[in-house]
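Asker:
The following block contains the structure:
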């Protein structure tokens, strides 16, 4: 049974892979400057020529993204202020021009700490405190700039969790570490410089805030260009600016902002020399648990993942159509922002939104957040088409997918809708009746229904997923999500569509196709992926390499193997870059496990668990590493830990049961497999193993019962058919044995097992 366990246990989670035909590589993006020699000079060098842009930027959220703590940057009350939380009094004060706080330290005990930097400015300001090994931590007590009071993030954001000093989210631990969690999007030319062996940082930047070169790239060559006489200046090469921000496509413009305005993984240092988003980043798809099933924002996902779902994105709307590129402020107030494109006589009318305007009679309502919504707010486009949520306790951020309110989906799927966000005292059915009254019965199909069916593995849903994938009228990030779900359907149609999606013109779709692609055999995997080891995008070539690394060296030609090894070195650097995260250490553990380096693999899995004791994938893979290394007691202890402390990990009982079975502790094994079968609907393999266990325990009635359950769920699986045929042969039931032997002959005609039986 060991081969079964290896096959069905948690696999080492790899980074997504994708492949593209070489024909897609011909065009070189206009902004890509492979010979770039420009260096960072600092935003102050830009002011003399760009005074207007500087004035707009000065005082903006980008300008105030981070600063040294001083009297002009600190907005919180440090005049011997006190804040009471969780039975303790925290104090904020100054001494010798230093900003100090008396609060809970790394061990939970009260102590005095110095604040060295501010972080952000509105609607909250956080504060950074230095610790050993170059680490800066975000103080969990922040200043609410609107209410002008201190508040605790644990109370507002993590109220449902018990955040103790050993928890990953405790403020002195990695979950609140500035260097890795926050820094690269609040300063210019940020390099976190993490030392894996020392678990230390030497983080550097060229400008402490988000400055000119964050968006335009290092400016030395542009300054040289600007100092030339007018007649000597060439305008053919973007005025020697590294990053092209004008004359770009709408997609390129959006992706220039995406590195900091998206929920994504980083593949290395963002050196601000390209707007090729997939060169250094991998976005998260708009799927649960970070989004609702219909793509609405749920967790802190920023803007890119929601905006790229929108019709606005599909119609080439870009960030600067609404926001000034330098001040980040809205270009126009209220509905005037929208009527740049949408006719005001059609949309900015009562007959469209059916809400009173400001100044008309009526009573305010209390929304689902407890905020008062005054009369007139419902007439604003943003209220219905950009509902939002609070993050960081006080920061209200709007959904940028610009969707139509759908209370009918609330009824069907439990997703939120803008109507009931405001009318929190009413039901979704109440809202839907008004939708019908105002706009009629007709409603547009929404992919959320299909995604919900796919999430629940509803039979036949693959047909609808395929329709979405093949329809270019859907945003690429939605089609990519459909590809992700289609990977759960194992049939010829799904295989063909996913393989076709590998050649999609959009990188995000190709990435999902790689993630979902299951090759027919090893040669199919090599033929499909090896061309993309030469892809110009780092995200593509490194993930292709990681996917191919599971194969033995003997499967490749010499040229393929040399290329693979080269790109695997690059892949190793991408996961080392994130080694300060539990998931980064986890990926390193997977990498070295695949290489057969057990000691290195164990070291990184253990470090992942040290960083976050609740990160159960590392525990699972470490348990399997222990088992395969013959450390059975350590493996058993970890599986028991997983069962007791991680109810969300549904495979704990199954894996422990298989471990016990291999130790011939059949009774204990059966007990755990019985529990495992109740934790998932995809339990045919569990029933199969359970059937074999009961046979070893001479409980033939139970063995027959669970093997038949396995067959009812997966009648086309060879092992299950064979187990039933073998069971009935040994029980002397020739008619039933013949039935399953014939089933094998029909379903698996090339397998001689049926004839042998």
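In this note's numbering, the protein residues as written are 116 to 872.
Here a beta-carbon is modelled for each residue, glycine too, at the ideal position from N, C-alpha and C.
Everything numeric in this text was worked out from a predicted model, so none of it was measured.
1. In this structure, does DSSP put residue 226 in helix, strand or coil?
2. What are the start and end residues of each continuous beta strand (DSSP E) run of 3 or more residues lying completely inside the region 417-484, in chain order?
3. With distances taken Cα to Cα, identify the nearest neighbour of residue 609 among 436, 588, 635 and 252.
4. Could you work out which residue in 389, 422 and 388 is closest to residue 399 when comparing CA atoms only?
5. Look at the alpha carbon of residue 546 and the alpha carbon of residue 586, and state the distance between them as a whole number of angstroms.
6. Flag residue 516 as yes when its Cβ comes closer than 6 Å to any non-hydrogen atom of the ligand GTP, and as no otherwise.
7. Three or more C-beta pairs closer than 8 Å, one from the region 666-678 and one from the region 405-415: is that the case here?
8. DSSP on residue 257, reduced to helix/strand/coil?
9. Is residue 497 helix, strand or coil when you go by DSSP?
10. Considering only their Cβ atoms, is the gap separating residue 189 from residue 233 smaller than 7 Å?
11. Mark residue 638 as exposed unless 16 or more other C-beta atoms lie within 10 angstroms of its C-beta, in which case mark it buried.
12. Return the chain-ordered list of same chain residues with a C-beta closer than 6 Å to the C-beta of residue 478, the five sequence neighbours on each side being excluded.
13. Excluding the 5 residues flanking residue 787 on each side, which residues of the same chain have their C-beta closer than 6 Å to its C-beta?
14. Rounded to whole angstroms, what is the Cα-Cα separation between residue 430 and residue 346?
15. Can you give the Cα-Cα distance for residue 141 and residue 539, rounded to whole angstroms?
16. Within this structure, are the beta carbons of residue 158 and residue 322 separated by less than 7 Å?
17. Give a yes or no on whether the C-beta atoms belonging to residue 602 and residue 631 are separated by under 7 Å.
18. Taking the alpha-carbon positions, what's the residue 402 to residue 556 distance?
19. For residue 306, which of helix, strand or coil comes out of DSSP?
20. My assumption, with CB atoms under 8 Å, is that residue 826 sits in contact with residue 843. Please give the rounded CB distance.
21. Can you name the start and end residues of the alpha helix (DSSP H) that residue 699 belongs to?
22. Rounded to whole angstroms, what is the Cα-Cα separation between residue 863 and residue 650?
23. Report buried or exposed for residue 652, applying the criterion of at least 16 other Cβ atoms within 10 angstroms of its Cβ.
24. Which one or two residues does DSSP pair with residue 218 in a beta bridge?
25. Taking the DSSP output, what are the residues bridged to residue 292?
26. Pick from 406, 510, 195 and 590: whose alpha carbon is nearest that of residue 57?
27. What is the rounded straight-line gap between the Cα of residue 852 and the Cα of residue 579?
28. Work out the CA separation of residue 660 and residue 686 for me, nearest whole Å.
29. Would you tell me roughly how many angstroms separate the C-alpha atoms of residue 598 and residue 509, rounded to the nearest one?
30. How would you call residue 801, buried or exposed, if buried means at least 16 neighbouring beta carbons within 10 angstroms?
31. Could you check if residue 164 is buried or exposed, using at least 16 other CB atoms within 10 Å of its CB as the buried criterion?
32. In three-state DSSP terms, what is residue 263?
33. Taking 7 Å as the cut-off, decide whether the C-beta atoms of residue 657 and residue 678 are in contact.
34. In this structure, what does DSSP give as the bridge partners for residue 181?
35. For residue 859 and residue 837, which I take to be in contact (beta-carbon distance under 8 Å), what is that distance rounded to the nearest angstrom?
36. Within a Cβ cutoff of 6 Å, which residues of the same chain sit near residue 238, ignoring the five residues on either side of it in sequence?
Answerer: Short version:
1. Counting from one through the chain shown, the residue named residue 226 turns up at place 111. Here residue 226 sits in strand by DSSP.
2. Segments of the beta strand (DSSP E) lying fully in the region 417-484: there are none.
3. Sequence index remark: in the chain shown, residue 609 carries index 494 (1-based). Among 436, 588, 635 and 252, the Cα nearest to that of residue 609 is on 635.
4. Taking the first residue of the chain shown as 1, we reach residue 399 at position 284. The shortest Cα separation from residue 399 among 389, 422 and 388 belongs to 422.
5. Working through the chain shown from its first residue, we reach residue 546 at position 431. Working through the chain shown from its first residue, we reach residue 586 at position 471. Across the structure, residue 546 and residue 586 are spaced so that their CA atoms are roughly 31 Å apart.
6. With respect to small molecules bound, the structure shown includes none, and the ligand GTP cannot be examined in it.
7. Taking 8 Å as the limit for Cβ pairs, the verdict is that the region 405-415 does not touch the region 666-678.
8. By one-based count along the chain shown, residue 257 stands at place 142. Looking at residue 257 - three-state DSSP - the assignment turns out to be strand.
9. Against the chain shown, residue 497 aligns to sequence position 382. Residue state, collapsed to three classes: helix.
10. Residue mapping note: residue 233 aligns to position 118 of the chain shown, counting from 1. Residue mapping note: residue 189 aligns to position 74 of the chain shown, counting from 1. The Cβ atoms of residue 233 and residue 189 lie closer than 7 Å to each other.
11. In the chain shown, counting from the first residue as 1, residue 638 sits at position 523. Around the Cβ of residue 638, a 10 Å sphere holds fewer than 16 other Cβ atoms; the residue is exposed.
12. The residue labelled residue 478 in the question sits at position 363 within the chain shown. Listed in chain order, the non-local C-beta contacts of residue 478 below 6 Å within the same chain number zero, local neighbours out to five positions each way being set aside.
13. On the chain shown, residue 787 is found 672 positions in, with the first residue counted as 1. Here the set comprises 768, 771 and 772.
14. Position 315 of the chain shown holds residue 430. Position 231 of the chain shown holds residue 346. Distance between the alpha carbons of residue 430 and residue 346: 39 Å.
15. Locating residue 141 in the chain shown gives position 26, where the first residue counts as 1. Locating residue 539 in the chain shown gives position 424, where the first residue counts as 1. The pLDDT assigned to residue 141 is 27, lower than 50, so where the model puts this residue is not dependable; a value taken from the coordinates is nonetheless given after this. Cα to Cα, the separation comes out at about 54 Å.
16. Along the chain shown, read from residue 1 onward, the residue named residue 158 stands at position 43. Along the chain shown, read from residue 1 onward, the residue named residue 322 stands at position 207. Yes; because the gap between Cβ atoms is below 7 Å, this pair is in contact.
17. The sequence position of residue 602 within the chain shown is 487, counting from 1. The sequence position of residue 631 within the chain shown is 516, counting from 1. In this structure, the beta-carbon distance from residue 602 to residue 631 falls below 7 Å.
18. Taking the chain shown and counting its residues from 1, the one referred to as residue 402 is at position 287. Taking the chain shown and counting its residues from 1, the one referred to as residue 556 is at position 441. Computed Cα separation, rounded: 28 Å.
19. Residue mapping note: residue 306 aligns to position 191 of the chain shown, counting from 1. It is a strand residue.
20. In the chain shown, residue 826 corresponds to position 711, counting from 1. In the chain shown, residue 843 corresponds to position 728, counting from 1. Taking 8 Å as the upper bound for CB-CB distance, residue 826 and residue 843 are not in contact here, some 12 Å apart.
21. Position 584 of the chain shown, counted from the first residue, corresponds to residue 699. That run of the alpha helix (DSSP H) goes 697-710.
22. Position 748 of the chain shown, counted from the first residue, corresponds to residue 863. Position 535 of the chain shown, counted from the first residue, corresponds to residue 650. Cα to Cα, residue 863 sits roughly 39 Å from residue 650.
23. Within the chain shown, the letter at position 537 stands for residue 652. With 16 or more other Cβ atoms within 10 Å, it is buried.
24. Taking the first residue of the chain shown as 1, we reach residue 218 at position 103. Looking at the DSSP output, residue 218 sits in a beta bridge with 226.
25. The sequence position of residue 292 within the chain shown is 177, counting from 1. Beta-bridge pairing links residue 292 to 252.
26. With the chain running from 116 to 872 in the structure shown, residue 57 is simply not present.
27. Position 737 of the chain shown, counted from the start, is the residue given in the question as residue 852. Position 464 of the chain shown, counted from the start, is the residue given in the question as residue 579. Residue 852 and residue 579: Cα-Cα distance of roughly 39 Å.
28. As a position in the chain shown, residue 686 is number 571, starting the count at 1. As a position in the chain shown, residue 660 is number 545, starting the count at 1. Rounded to whole angstroms, residue 686 to residue 660 spans 7 Å at the Cα level.
29. In the chain shown, residue 598 corresponds to position 483, counting from 1. In the chain shown, residue 509 corresponds to position 394, counting from 1. So the two alpha carbons sit approximately 36 Å from each other.
30. What you label residue 801 is simply residue 686 of the chain shown in a count that begins at 1. Buried, because 16 or more other Cβ atoms sit within 10 Å of the Cβ of residue 801.
31. The count along the chain shown starts at 1 and reaches residue 164 at position 49. It is exposed - the Cβ of residue 164 has fewer than 16 other Cβ atoms within 10 Å.
32. By one-based count along the chain shown, residue 263 stands at place 148. If DSSP states are grouped into helix, strand and coil, residue 263 belongs with coil.
33. For the purposes of this step, residue 657 is taken as residue 542 along the chain shown, with counting starting at 1. For the purposes of this step, residue 678 is taken as residue 563 along the chain shown, with counting starting at 1. Contact flag unset, no.
34. Residue mapping note: residue 181 aligns to position 66 of the chain shown, counting from 1. The partner list for residue 181 (beta bridge, DSSP) reads 234.
35. On the chain shown, residue 859 is found 744 positions in, with the first residue counted as 1. On the chain shown, residue 837 is found 722 positions in, with the first residue counted as 1. Rounded, the Cβ-Cβ distance is 6 Å, consistent with contact.
36. To locate residue 238, count along the chain shown from 1; it is residue 123. So the qualifying residues of the chain are 260, 261, 509 and 510.
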